Structure formats: C-alpha cells, structure tokens
Amino acid sequence: MLVATAIALVWAIGLKRDIERISHSNGIATQAFITLEKDPTLAFRLAEQAYNIVPTPLAKQVIMAAYGEMPFYKKLVGHKEGCRPAKYSPDGNFIVSGSTNGEIKLWNKKGKFSVDLKGHTAKIPNSNESINFSNDGKYIVSCSQDSTARLWNLEGKCLAVIKHKGAVNSVCFSPVSNPQTLSGSANSDRSSQPQTTNDKRQTPARFAAGGSNFKLETSNFLILTASSDKTLRLSDMQGKQIVEIKLDKPVSKAIFSPDGKTIAAIVGKTAKLFDLNGKEIKEFKEHKYGISDFGFSENGEYFYTGAYDSVAIIRNLKDSKLLYLKHNLIVQKVKFSSDNKYIVTTTSDNSIHLWNLKGKELSVMRKHIALIWDIKFSPNNKYIISASDDGTARLWDINGTELMVFKGHTDQVLSANFSPDGKHVVTASADKTARIWNIEPLENPIFKGHRDVVMDANFSPDGKYIATAAWDYTARLWEFGGKLVSVLKGHARYALNNSIFFNHENKLISCADASGGIVIWNYKGDTIKKIKTFGHYYSLTISKNDKFIFWGDENKAILFDSTGKKLQVFKEVAAAGFAAQNPEYIYTIAMDSSLCLWRKAEAPSPKLKAPSSKSQASSPKSRVSSPKEETNLQKSVQSAGDTSKHQTSNIKQKNNRTKTQSPTNSSTKSA
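Here our numbering is used: the first residue of the sequence shown is 928, the next is one more, and so on.
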C-alpha cells in the first residue's frame, strides 16, 4: 500500500511539473503570437523558446506561423509609386531605393529613412544597374528615362548631372578609383563612329579637359552610362565627359570588368567589349537572337551571356573556350557565383537552373508561379535569392532546396539584393515599398550562471533584458545578448514557475518563491523591498501603473501596494487582477466562476466573500454603481490579460462549474 501510495505521489508530482511546464510553454507561445504582427523576428524567437520548453501543439502552431513571417524585419515606406531597385552600400550601412516616378530614397541599415535624392523627373529603370554605390560607399549614381544620370553624396546633394539625348538605361562606377591611364589627343573633337565587324580603326577618345594624357586623380571614379541615344559615355566625378562611344543601335546595359579595364555593353542583339579609350575589343555573335543578360565572373576570367535563343554561353576570355548551357525556353537571367563554381539561370517558365562549370545541370527550382525578375548568389555562395512577379522572393540553398518564402509584398517583387554580410536581403516591389528580411538571425545566446534548475524567464517590456529565476534561491538579470547584468539575491526558498516579472517602466524586477515571499530589486541587483505573504504562491500580477501587486494562493488573493503594505485580502476567489484600462479598479473571480468588479478604494472587508450569481452584494459601496463605468470596466477586464504574463491564475478550481452572470450584469469569465 505504501509503495503504491509513493508511486502515486511521485506520479502526481511529475504530472504537476509537466502541467506547469506546458502552461509555461503555452504562455510564451501566446506572447509570441501577440508579438507576431509587430515584430515577427522576436515572435519567432519566443515561439522557438516555447517549443524548447515543451513542444506543445500551440507552440508548434505559433512557430510555424512566425516562420512564415520571421524573416521580415523592416518595411521601408515612403515611395509614392512602385519601388524598382533597392540595394545595400558596400559597407552595409545604407540602402538606396528608386521608384517609377523618379524618386530615390536613402535609408540606414535598420530601415530608417535618411534622405531624399531629388532631381530625376522620370522613371528609374527596373534593373540593378540603374542605381549604384561607389566601392568606397561614399557616393551614389542613378539614371532615369529623363535622359540624365546623377551623382549624389550620402547627404542627398546632387554633385553632377550627366546628360544624354535619350533615356539612360544603366549607370555604374568603375570598380577602382584610379583606372588605367587614358590616352588621346586633347584637342580631338571626334567621337567613336558606328563600328562594323570589318572596321579595324582605333577609336580616339574625346576629352573634356586639356593635356596630352588624361589621368584620374586617385580619389575619383569613372562613371559609365549607357543610353537609348546609341552612345556609351565615360565621365568624371564632376560630370564632365571623358570618352564617348557612338554606336549604331541603342545600348541597354553597360558594365565594367572587375579590374576596371574593360567595358561590356549590350548593343542591339549583340554584346561588345571596349577598352577605356573606346576601342572595340570583341563582338559576340554566337547567339541567334537578342541577349537578355550578361556579365563577368568575379575574377574576370569568364564572360557570360543569356539570350532569347534558350542558350546561356560561358566564355573563357583567356583561351576563348565556350560552354553552352542549353534550355528549353528563353534564358532571362544569368549569374555567376563569386567562387566561380556555379552558374544560375532563370527561364521564361519561371524556373531556376543551377549549373557547374562543366555544364552539368545540378538542380531545377520550380516554386515561383510568375516571371522571375532578379536572381543573386549570397556573398558566401551558400544561398540564392530570387524575386518574382508572383509577389514573393524566395531563398534557396546551393543544393536547390527552398529555405524561406518572403511573403508580405502586395505586388510584384522586382529586385532582391543581399547585404554585404549575407545576413539580410532587401527587396523592392511595385507595392511602393522595399523590405528588409532577416535570413541569418543572431546566434541564440546561452544564459549560464544558475547553479540549479531554472524555473522561469521573462523579457523586460522593452525587450532589452531577460530575467531568470531558479532553484538556487536567486534570480538573475541578463542583457538580451546573454551578458549577466546582476544577481538578484534575497529569496528564503527556491523560485517557482511563472514567478518573475518586470514592472512596466523597466525599473524593477519582482519574484516570488516557494515560501510565498516576494522580493523586489532594481536593475543593479539592490533589494528594494521584501514582502511576506505567509502562504503557498500560485500567481503574481502587477498593475500597469506599477503601484499595486496581487499575490494569490489556492483560494485567496492579497492586494499590496508597491511598498509592500498589505491593503486587502480577498477570500474564496479563484483569480484576481487589475482592469487593463484603469488600474484603479480590480476584478475577482469567485470559486463558482462569477465575476465581480471593485473600486479598489472601496474594497470589501477581509471577511466579505465575492458575491455569487444568486445573491446581491453585501456592501453597496464596494460595487460599481454607474452602468457606463460598468461597461467600460467590462472591456478593461476582457483585455486585462495584457497587464502581465501572470494574469491567468494557476489556482485549483472545482470541476463542472456552472457559468452564471454576476450581480453587476458583467459577463462571466472563467478562472
């Protein structure tokens, strides 16, 4: 009999602990759900914490919901029309974005608006080559259909305007600030003439400054513009033209080679290479139809093109060998990984293809349901990001597995770019916004220091601190990153589950222990007050104005002020708390589940029981007399759960209670 009793006791204790842990997990999961819309990343972390405590169905459901939104970090709101390109500065400290009405905005890395770059009067082209930072991150160039390109500093001042006679389709800085010396006649007023395959003439350069040889100062960059007026231009940082290359067809895009010594351009249906003096080096005619995309590998060894003939061609510029990547449909985008191991292509059936340098197709990614506008490798080559007309961006690993779907934009996503550290992505959409997404959250900090079981942990209201309570008779305060701030001592016994919380002004931490005592500390760890309650702790609640505390055991609740003075004892109650909208009022829930509202200043005597649904209040003064007040307080009680994570009592209650209406005509609320 004794053995059976002992087994039953052990089982009961284990069951109680399991119930407490499940309650704790669900409490954190609920907090995560409430936080989801405002801060999905924090919600994901909370849901993950809840799942680690106990993988309850609620915790799992919330973590899945949070995962769908978790990468979302910040929405960049302010554009009046659709947002086109958005990209990070080389140091990752700024983001620049442009829109269809010519607006350009600069933001800091956290998504806070910095400055407007005002000047363009027409659309910014939808390409990553329409807005660019210099490699030192100090300048920005942009182009527009208003026939200009503009140079800006980070304060939003326009430093130079480069004018064309047609829409400017792309603009970029030279990779280095002191490219090779340009040579030519200072008095030459000739420009490059349309070139043909048989034209072997060397095209002279056109200079805006005198001198037999022109050399850029080491602090300057070249600016390359491509225009529908059939010209390519090199300009200095003052906007003065250095070289003009006249061609026989519009130029849709132009870029520098990685070493800054060569210019590549899409001219009509072909791709051409030029030196910095404007001399044509090579024309690529392997494609049957027009070229859709092109570029250099990061080491400059390869030059690649994708075209409407369903082929991407990789050219080794040293030995002229060609690698053909054949597709079934139009090749729209082509990108090279920075380690020169992989090529990624997109086709008109909305699929993504991954290849190695031997021409072997490694995987095909088919999750987008509309045109793919942009595709990029991450700086570490672990990930691929794609942006689509279907309103999503998608993150893939290098094996072609989809890792994240970035949902939130309400219109087509036109560009996607990684931050330099590869931990964030910025997307631009026709819905007039850009968004920052968190793809590699900070490593989860580990809080080490307690010498026994940690029973509770809670965030400060501002999210900057975490308090923990344990069986080692201490509580501890930590920074969010895991650094210990203070050890909170003074408990007579061990801390219990759901026992620690912050006041609403981020100044004090309170915690209850198994003796029923409450200790209040400041952030430095100094003991402000000890409150003796002489009972077994079940719940702890603080008012929003931080002036009052409710402590509860299994059948009563005690009201204290912030100095620890006992104000009132409520007997035969299952739960008690403060009206969220007005902490001057309190509510109690009787053992029969009836709800009573009280003026705290006129609280009932210690002997007065909370009225049942079948009797009237014994003390008229303690009742809420105004119907209007009563209605407002009912609303307050319904939202009272927001006052603390400990608002819901764990007090034992009778089963099969009958739900009744309180004498105040308030809606009943289950304990």
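Ideal Cβ positions, reconstructed from N, Cα and C, are used throughout, including at glycine. Computed from a predicted model, the values in this text were never measured in an experiment.
Original post:
Closest to residue 1041 by CA distance: which of 1050, 1021 and 1028 is it?
Top reply: 1021
Subject >> Proximal residues to residue 1005 (C-beta, below 7 Å), its chain only, five neighbours per side dropped >> reply: 1032 and 1040
Original post:
Comparing alpha-carbon positions, which option in 1256, 1393, 1364 and 1056 lies nearest residue 1216?
Top reply: 1256
Subject >> For residue 1028, the nearest candidate out of 1361, 1048 and 1015 (CA to CA) >> reply: 1048
**OP:** Output the boundary residues of the beta strand (DSSP E) element that contains residue 1351.
**Re:** 1351–1356
Subject >> Neighbour flag for residue 1219 against chain C, beta carbons, 8 Å >> reply: Absence of chain C from the displayed structure is noted, only one protein chain being present.
Original post:
Do you know offhand how far residue 1201's Cα is from residue 1189's?
Top reply: 6 Å
**OP:** Please classify residue 1374: does DSSP put it in a helix, a strand, or coil?
**Re:** coil
**OP:** To the nearest angstrom, report how far apart residue 947 and residue 980 are at their CA atoms.
**Re:** 11 Å
Subject >> Cβ-based burial, residue 1208 [other Cβ within 10 Å; buried from 16] >> reply: exposed
Subject >> Cut-off 7 Å between Cβ atoms - residues of its own chain near residue 1397, not counting five sequence neighbours on either side >> reply: 1377, 1379, 1380, 1381, 1382 and 1422
Subject >> Close Cβ partners of residue 1375 (< 7 Å) along its chain, the five nearest in sequence each way excluded >> reply: none
**OP:** Let me know the secondary structure DSSP gives residue 948 once reduced to three states.
**Re:** helix
Subject >> CB-CB length for residue 1348 against residue 1019, believed under 8 Å >> reply: 6 Å
Original post:
What number of angstroms, rounded off, separates the C-alpha of residue 1070 from the C-alpha of residue 1352?
Top reply: 23 Å
Subject >> Coil, strand or helix - residue 1148 by DSSP >> reply: coil
Original post:
Going by DSSP, what residues sit across from residue 1500 in a beta bridge?
Top reply: 1517
**OP:** Pick out whichever of 1363, 1495, 1390 and 1072 has its Cα sitting closest to the Cα of residue 958.
**Re:** 1390
Subject >> Between the CA atoms of residue 1237 and residue 1199 - distance to the nearest angstrom >> reply: 20 Å
Original post:
For residue 1132, does the three-state DSSP call read helix, strand or coil?
Top reply: Below a pLDDT of 50, predicted positions are generally treated as unreliable, and residue 1132, at 35, falls in that range; the measurement from the model is reported next regardless. In this structure, residue 1132 counts as coil in the three-state DSSP scheme.
Original post:
Nearest-angstrom Cα distance between residue 945 and residue 978?
Top reply: 14 Å
Subject >> Identity of the residue in 1206, 1050 and 1193 nearest residue 1231 by Cα >> reply: 1193
**OP:** Pull up the distance between the alpha-carbon of residue 1414 and that of residue 1450, whole angstroms please.
**Re:** 9 Å
**OP:** To the nearest angstrom, report how far apart residue 1176 and residue 1222 are at their CA atoms.
**Re:** 20 Å
Subject >> For residue 1320 and residue 1013, believed in contact at Cβ under 8 Å, the rounded distance >> reply: 11 Å between Cβ atoms; not a contact.
Original post:
Where does residue 985 fall in DSSP's three states?
Top reply: helix
**OP:** Look up residue 975 in the DSSP assignment and say whether it is helix, strand or coil.
**Re:** helix
Original post:
Straight-line CA distance for residue 1440 to residue 1455?
Top reply: 16 Å
Original post:
Do you know whose CA, among 988, 1291 and 1402, lies nearest residue 1328's CA?
Top reply: 1291
Original post:
Rounded to the nearest angstrom, how far is the Cβ of residue 1087 from that of residue 1164, given a contact under 8 Å?
Top reply: 7 Å
Original post:
So residue 1026 is in the beta strand (DSSP E); what residue range does that whole segment cover?
Top reply: 1021–1026
Original post:
Taking the C-alpha atoms as reference points, what is the distance between residue 1204 and residue 1169?
Top reply: 9 Å
Original post:
Does the beta-carbon of residue 975 have 16 or more other beta-carbons within 10 angstroms, so that it is buried, or is it exposed?
Top reply: buried
Subject >> Secondary structure of residue 1495, DSSP reduced to three states >> reply: strand
Original post:
Ends of the beta strand (DSSP E) at residue 1248?
Top reply: That residue, residue 1248, is in no beta strand (DSSP E); it is neither H nor E in DSSP.
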